[in-house]
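Protein chains in written order, with this note's numbering: chain A, 10 to 302; chain B, 10 to 302. Heads up, the beta-carbon is just placed ideally off N, CA and C, and yes, glycines get one too.
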């Protein structure tokens with residue numbers, strides 16, 4: 010059984026990016042520049058954005074953080090997005106989600122220029138992904154694809170079962186793994202909350218991807234021996250023994266599942282670090298105008 | 010066993026549209042207007058476009074056909090698209106595919122204004138479909154959804170197996186049937202040319218959708234008794250007994266499969282007529298500015 014080390018893989022990718030930035034600077038180009046818009050003071054969002062900014066520093070990117078209070082108007086936020094769209098120095102930017110309830114997430118995302126939408130959330134990038142055209146892939150699915158590819162876990166002809174149909178993980182993964190590519194070319198089954206007898210499906214998986222957000226939901230009896238298991242879940246569960254008061258828990262009951270798999274991602278240290286690395290990959294592509302010329 | 014009559018269902022939908030146009034005219038609104046661009050003289054394309062124009066007349070739409078010879082330049086075609094984008098009287102338009110090899114289909118489709126893309130092929134509409142936002146759905150998947158819904162064929166909790174991953178049928182159907190809606194909420198398995206042991210998967214289907222374009226490929230041993238079978242295939246096979254020299258053949262070996270199903274679409278007269286009706290549905294939505302306001 011192989012433990013798929015997402016932390017190490019992400020570090021490798023970041024080092025690749027760092028070296029490419031060095032070479033860009035040597036060629037007289039400017040540093041890639043990622044901007045982030047953060048609204049309010051949600052603990053999770055604060056921490057995600059801080060990590061992303063640290064990542065930028067590590068690989069030699071410029072980063073800019075625009076902060077707004079919880080009561081910011083949608084108009085102000087849309088103006089900020091528009092300013093970043095226009096700012097020639099900013100290659101790509103993200104709006105950290107969630108946003109307060111009085112702001113339309115759809116309208117904000119739609120207002121991002123697709124050329125700078127390094128989260129890959131804009132309809133143009135989602136559509137181009139579905140059509141197999143060049144685009145910014147969403148970070149988590151992209152990270153899963155990279156983990157499979159970089160660990161020589163063959164996907165062609167495999168039956169991949171995905172649990173969870175979210176717009177940012179399960180649904181795009183179902184598209185990416187079914188497409189005519191490697192990684193890809195899987196027979197893909199997409200399961201969700203309305204799937205009766207979920208275990209019937211998960212037990213058929215050569216590659217099982219858990220992205221439902223329920224700690225330790227996938228138990229050993231739901232997994233085919235020898236399967237590759239990718240755990241996208243990162244739920245915070247209370248843990249008094251931790252300074253933060255919580256620990257991250259995956260969707261997979263790791264201790265009982267890991268021994269019967271051929272390969273598995275741990276939580277933390279599996280998909281999570283890859284997600285952050287993929288944002289850097291997209292920002293580099295944006296700086297090099299690789300997608301939209 | 011129910012034979013799902015697509016011809017009759019399409020006629021019902023067209024009559025609904027016709028009545029709505031009558032009421033629009035009574036309210037002083039203009040007729041919906043569909044335009045089509047046709048390049049060259051391919052027999053199939055000629056016939057499809059002629060049908061679409063007849064359909065417009067039947068429901069009271071205005072239609073315009075722009076014809077170009079096979080050797081038209083991409084520039085001329087893009088100019089024509091742009092002209093239709095600008096033409097306030099044209100509510101929606103299509104570019105009949107395929108296009109000659111010297112023209113980039115991607116570039117032509119990308120140049121269509123998403124607001125007028127009643128084929129639902131533009132990345133913006135595909136992306137919005139994947140995200141569950143209002144959009145023009147592509148005609149064939151939309152027709153299948155309508156056939157299921159209008160025949161009270163429940164989909165929630167069913168296992169739907171789709172054979173074929175094309176951008177215009179299988180792939181969008183896999184998205185639409187997995188989403189949180191009725192029709193929808195299926196556990197969806199998407200199979201394709203790289204799926205080993207296809208019959209293993211098709212035999213599990215409560216709803217089997219064949220969209221691979223191989224005449225009579227799906228045989229009775231590949232179908233679970235009692236399944237609902239939707240046959241999207243419409244291949245031309247030679248038939249000397251026909252005046253045209255060919256007949257339309259579905260992907261399903263109808264004679265042996267039909268008796269074991271609970272419901273099945275015939276070819277012709279199943280999905281085909283629905284596809285044409287859905288173009289009218291989208292054009293009506295365009296005229297009413299239902300999607301993009």
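Interface partners of residue i on chain B, CB under 9 angstroms
{"i": "residue 115 of chain A", "result": "140, 142"}
{"i": "residue 166 of chain A", "result": "203, 204, 205"}
{"i": "residue 134 of chain A", "result": "132, 136"}
{"i": "residue 190 of chain A", "result": "The premise fails here: residue 190 of chain A is roughly 10 angstroms from chain B at the closest Cβ pair, so nothing lies under 9 angstroms."}
Contacts of residue i in chain A (Cβ-Cβ under 9 angstroms)
{"i": "residue 65 of chain B", "result": "Chain A residues near residue 65 of chain B: none, gap ~27 angstroms exceeds 9 angstroms."}
{"i": "residue 183 of chain B", "result": "183, 184, 187, 197, 199"}
Residue i: contacting residues in chain A (beta-carbon distance under 7 angstroms)
{"i": "residue 210 of chain B", "result": "196"}
Residue range of the alpha helix (DSSP H) that includes residue i
{"i": "residue 30 of chain B", "result": "15-35"}
{"i": "residue 89 of chain B", "result": "83-95"}
{"i": "residue 52 of chain A", "result": "52-68"}
{"i": "residue 293 of chain A", "result": "280-296"}
{"i": "residue 207 of chain B", "result": "207-211"}
Residue interval of the beta strand (DSSP E) (run including residue i)
{"i": "residue 237 of chain B", "result": "237-240"}
{"i": "residue 73 of chain B", "result": "71-77"}
{"i": "residue 48 of chain A", "result": "42-48"}
{"i": "residue 199 of chain B", "result": "196-200"}
{"i": "residue 103 of chain A", "result": "101-104"}
Contacts around residue i, its chain only, beta-carbon distance under 6 angstroms, and the 5 residues preceding and following it disregarded
{"i": "residue 19 of chain B", "result": "282, 283, 286"}
{"i": "residue 22 of chain A", "result": "286"}
{"i": "residue 245 of chain B", "result": "255"}
{"i": "residue 73 of chain B", "result": "44"}
{"i": "residue 211 of chain B", "result": "170, 217, 231"}
{"i": "residue 98 of chain B", "result": "42"}
{"i": "residue 273 of chain B", "result": "238, 267"}
Residue i: contacting residues in chain B (beta-carbon distance under 8 angstroms)
{"i": "residue 176 of chain A", "result": "139, 140, 141"}
{"i": "residue 180 of chain A", "result": "139, 184, 187"}
Other residues of its chain near residue i: CB distance less than 7 angstroms, five sequence neighbours each side excluded
{"i": "residue 63 of chain A", "result": "none"}
{"i": "residue 109 of chain A", "result": "48, 49, 79"}
{"i": "residue 199 of chain B", "result": "171, 174, 179, 183"}
{"i": "residue 279 of chain B", "result": "13, 15, 240"}
Min CB distance residue i to chain D below 7 angstroms
{"i": "residue 171 of chain A", "result": "The question asks about chain D, but that chain is absent: this structure's protein chains are A and B."}
Close-in-space but distant-in-sequence residues of the same chain around residue i (CB under 8 angstroms, 5 per side omitted)
{"i": "residue 30 of chain A", "result": "40, 41, 68, 69, 70, 293"}
{"i": "residue 85 of chain A", "result": "77"}
Residue i: CB within 6 angstroms of a non-hydrogen atom of the ligand COA
{"i": "residue 19 of chain A", "result": "By its list of ligands, the structure shown contains no ligand whatsoever, and the ligand COA lies outside what it can speak to."}
_In chain order, what are the residue ranges of uninterrupted beta strand (DSSP E) at least 3 long that sit wholly in the region 110-191 of chain B?_
If you keep only unbroken beta strand (DSSP E) runs of at least 3 residues inside the region 110-191 of chain B, you get 168-172.
_Assess contact between the region 107-121 of chain B and the region 117-127 of chain A, defined as three or more Cβ pairs (one per stretch) separated by less than 8 angstroms. Is contact present?_
Short answer: they don't touch.
*Are the region 217-237 of chain B and the region 247-262 of chain B touching, with three or more C-beta to C-beta distances below 8 angstroms?*
yes
*alpha helix (DSSP H) segments (min. 4 residues) lying fully within the region 217-282 of chain B*: For the region 217-282 of chain B, whole alpha helix (DSSP H) runs of length 4 or above, ordered along the chain, are 263-266.
*Flag this pair as touching only if the region 198-209 of chain B and the region 164-180 of chain A have three or more C-beta atom pairs under 8 angstroms; answer yes or no.*
yes
*Would you check if the region 63-79 of chain B and the region 287-296 of chain B touch, i.e. whether three or more CB-CB distances between them fall below 8 angstroms?*
Taking one beta carbon from each stretch, the region 287-296 of chain B and the region 63-79 of chain B have 3 or more pairs nearer than 8 angstroms; the two touch.
*Cβ contact (3+ pairs, closer than 8 angstroms) linking the region 37-46 of chain B and the region 182-192 of chain B*: In the pairwise beta carbon analysis, the region 37-46 of chain B is classified as not touching the region 182-192 of chain B: fewer than three pairs are separated by under 8 angstroms.
*Do the region 137-151 of chain A and the region 132-140 of chain B make contact, defined as three or more Cβ pairs closer than 8 angstroms?*
Output reads yes: the region 132-140 of chain B touches the region 137-151 of chain A.
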